[in-house]
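What follows is a single structure, written as C-alpha cells, with notes after it.
2 protein chains.
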Amino acid sequence: MPELLTPLSANRAAGGWQHRFAHRSAVLDCDMKFAVYLPPQATAHHKVPVLYWLSGLTCTEENFIQKAGAQRMAAQLGLAIVCPDTSPRGDDVANDPGYDLGQGAGFYLNATQAPWAAHYRMHDYVVHELPALVEAELPILPVRGIAGHSMGGHGALTLALRNPGRYQSISAFAPICHPSATPWGQKAFRAYLGDHPDAWREWDASLLLAQARDPVPTLVDQGDADEFLARELQPEALENAARSAGYPLTLRRHAGYDHSYYFIASLIDEHLQHHARALIK
Amino acid sequence: MPELLTPLSANRAAGGWQHRFAHRSAVLDCDMKFAVYLPPQATAHHKVPVLYWLSGLTCTEENFIQKAGAQRMAAQLGLAIVCPDTSPRGDDVANDPGYDLGQGAGFYLNATQAPWAAHYRMHDYVVHELPALVEAELPILPVRGIAGHSMGGHGALTLALRNPGRYQSISAFAPICHPSATPWGQKAFRAYLGDHPDAWREWDASLLLAQARDPVPTLVDQGDADEFLARELQPEALENAARSAGYPLTLRRHAGYDHSYYFIASLIDEHLQHHARALIK
C-alpha cells in the first residue's frame, strides 16, 4: 500500500515537530500540501485535539507556521494545528491573473461554475477529506476547533456554521464577515457560484450566523487600523447578526493594529487558549 | 535639516510598534535598511535598553522580525530590538555569485581587501554608526545587548568581545564559533581580509574569547540536528576556550533541533530574558 502522506519537511519546534506533507486529494483532484504542528503530548500512544487554521488570500500552508509564533503555546496546551493550503493547486487547475480569485484564493467553498467546479471544493476538502486523513495517519483526535485570517476567517466561520457539531470552537482574525456584500467576496462568489443570490447566502458568515442553531464559542479580533476594514471585512454585520440571534460571539477591536501577521502573532496565544478551553477537558 | 530616518513600514505588534527604516550610512557609503521593535514602554519621555540582533547568511532586516516571534516577550520586558541588514547593499556595492560572500554575507567585520574594503565595514556600522543613530533619533538607551544566529552569532560574539564595555549581555543561536578553521569563515576571511592569519585571529570568536578580559554573561544555544554543526559551527571550540579562560559561557545543546528559525522561535523568550537580566535593573 503506498504511503498516504509524503513528508516534505520536519522541524523540531517548541518541543514538538512542525511537519509539512504532500498528498493526493481525491476531493480536489490534485496534489496538495499541508502543514501540521504536533505538540510534545502527541505520541504513538496519545492523540491530541486539533485546531484547523485557514489562511488568507495569496497564502500557502507555510505562512502561519513561519509567522504566527503559535508553536510555543500549542506545545504548552497540547494542541495540534493543521494548516491546509488556500486552494487547489497545479498546472491543470483553473486559475486567474488576479490575486483574489483562483489559486491561492479558494474561499473555502464548493464551486458550482465552470471552469472552477472541477477542482475548487475546498469546503469538502477542509471539513471532510483532510480531517479523515490526519485522524487516520497522525496522533490527532476528532476533537476540532477552527480558526483563520481574512479569507480564512470567513472560511473558519462558514465551515463551522454550515457543519453543526463538527467544531467545538471558532476564532478569526480580521475575517471577511459579509462576503456577499463586499468586493472580494462578490468577485469570488460570482465566479465560483454564479449570479445566484440564494447560493451566495449559503457561504456568508453573517447570514449563516443569524440562523445558527448550534452556538459555538466564537472569538473574533479586528484591528481598527486594518486597511481592509470598511471595504472588505465589515465586522459590524457579524456583530449585528450575533446580537439578533443571541449567538455567543466575542468581537474585540484593537487600536492601531493592521491586517498583517504582526496582528496575528500579537494575539495568537489568546486564540489558542480560547480553543483549548473548548477542546481540552 | 533632512530627516535621518525614512520610514518604510510601521506595524503595531504586541502593544508596541515594529518599524522598518531606510537611511544613508556614511560608514558603508550606501543606503541601508534596518528594523527596530519599540515596546510599549518606549515613549517620547522614556527610553528603553536595546538588543541588537544580527541575522545569518542570505538574510535581511526582515527575517527576524517576521519569524522569531520575539515581539511579545520584548514588550513584556520593555526591550527594544534593532535588526540591521547583513551587509552593505546596492548596485555599486561589490558582490559575489555565492550566497556566502558579498551582499547578504558581510560577516560583521571591516574588510581590508579590494574590492570589498570600499563598503564592507559592518563592524563599524553595527558597533558605532547604527547605535549613534538610533540613540539620537529613537527612545533607545545606550544600554546594549547583542545576539545573533549563525553568521550573526559569530557577529554577536566577535563584536562584543572586540569592544569591552559596549555590550552588557551576549547570546547566540548556532553561531559560527571558529570561522578561521571552517569553510564559510575561511572563504569570507580570505576575501575580506586576505591571506593573513593574524588578521583572521582578530575576527574569530573562539580565539578572541580565550583572551577576553571583560567577561559578559553569554548564552549560546545549539541544536544537535543542525545540518551545519560539525562542518561550519564547531561550538566545542568556543566551549574549550571558555573553559580555559574561565569565561562565563552557558552553552546548551538541544536534541533534535536544526538550523532553522523554528529553533530560534522555540527559545527566543529565554534569550530575551537572559539579556533583560543584564540590561534592565
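Chains as they are written, first to last, in numbering that gives the first Met the number 0: chain B, 0 to 280; chain X, 0 to 280.
Even glycine gets a Cβ: it sits at the ideal position worked out from N, Cα and C.
Taken atom to atom, the span from the alpha-carbon of B/Met-72 to that of X/His-258 is near 21 Å. In terms of beta-carbon proximity, B/Ala-13 lines the interface with chain X, with at least one pair separated by less than 8 Å. Taking each of B/Ala-117, B/Gln-70, B/Thr-111 in turn and checking the Cα distance to B/Val-92, the smallest one comes out for B/Ala-117. For the pair of segments examined, the region 56-70 of chain X was found to touch the region 96-105 of chain X: the number of CB pairs separated by less than 8 Å reaches three.
Per the coordinates, the alpha-carbon of X/Asn-239 lies some 35 Å from the alpha-carbon of X/Val-26. Only those residues of the region 222-236 of chain X whose C-beta falls short of 9 Å from the nearest C-beta of chain B are listed: Gly-222, Ala-224. Runs of the alpha helix (DSSP H) lying entirely within the region 67-119 of chain B and spanning at least 4 residues, in chain order: 70-76. When CB distances to chain X are screened at a threshold of 8 Å, not a single residue of the region 38-55 of chain B falls below it. Membership of X/Ile-267 in the alpha helix (DSSP H) is indicated by the continuous run 260-278.
For the set B/Phe-33, B/Cys-29, B/Leu-271, B/Trp-183, the Cα lying nearest the Cα of B/His-153 is the one of B/Trp-183. Between the alpha carbons of B/Asp-203 and B/Ser-149 lies a gap of roughly 13 Å. Judged by their CB atoms, B/Gly-77 and B/Pro-38 are nearer to each other than the 8 Å cut-off. Note on the region 154-236 of chain B: whole alpha helix (DSSP H) runs with a minimum of 4 residues are 182-192, 196-200, 204-208, in chain order. Around the CB of B/Leu-3, fewer than 16 other CB atoms lie within 10 Å, so the residue is classed as exposed.
For B/Ala-277 against B/Pro-216, the beta-carbon gap comes to about 6 Å, under 8 Å, which counts as contact. In the three-state DSSP reduction, X/Asp-257 falls in the coil class, being neither helix nor strand. Here B/His-45 is exposed. Its C-beta has fewer than 16 other C-beta atoms within 10 Å.
Any Cβ of chain X closer than 8 Å to the Cβ of B/Asn-10 would place that residue at the interface, and such an atom is present. Within chain B, no residue has its beta carbon less than 7 Å from that of X/Ser-86; the closest one is some 23 Å off. Against chain X, the CB of B/Asp-220 has no partner CB under 8 Å away; the residue lies outside that interface.
Boundaries of the beta strand (DSSP E) harbouring B/Val-35: 29-37, taken from the DSSP string. In the assembly as shown, X/Gly-222 is a buried residue. Its beta-carbon has 16 or more other beta-carbons within 10 Å. Any Cβ of chain X closer than 8 Å to the Cβ of B/Gln-75 would place that residue at the interface, and such an atom is absent.
Take the alpha-carbon of B/Leu-218 and the one of X/Phe-20: they are about 34 Å apart. Of the other Cβ atoms in all chains shown, 16 or more fall within 10 Å of the Cβ of X/Asp-220; this residue is therefore buried. Under the Cβ criterion (8 Å, minimum of three pairs), the region 265-280 of chain X counts as touching the region 128-144 of chain X.
If you look at X/Ala-13, you'll find it isn't in any alpha helix (DSSP H); DSSP assigns it neither H nor E. Per DSSP, reduced to three states, the secondary structure at B/Val-26 is coil, with no helix or strand assignment. B/Ala-241 does not reach chain X, its nearest Cβ partner there being about 26 Å away, counting only Cβ pairs nearer than 8 Å. Around X/Ala-34, no beta-carbon contact reaches into chain B at under 7 Å, the shortest distance being about 12 Å.
Taking each of B/Ala-180, B/Ala-12, B/Trp-115 in turn and checking the Cα distance to B/Pro-196, the smallest one comes out for B/Ala-180.
About 11 Å separates the Cβ atoms of X/Tyr-191 and X/Ala-113, ruling out a contact at the 8 Å cut-off. Classified as buried, X/Arg-120 has 16 or more neighbouring CB atoms from the shown chains inside 10 Å of its CB. Following the DSSP letters along the chain, one finds B/Pro-141 in no alpha helix (DSSP H) but inside the beta strand (DSSP E) bounded by residues 139-148.
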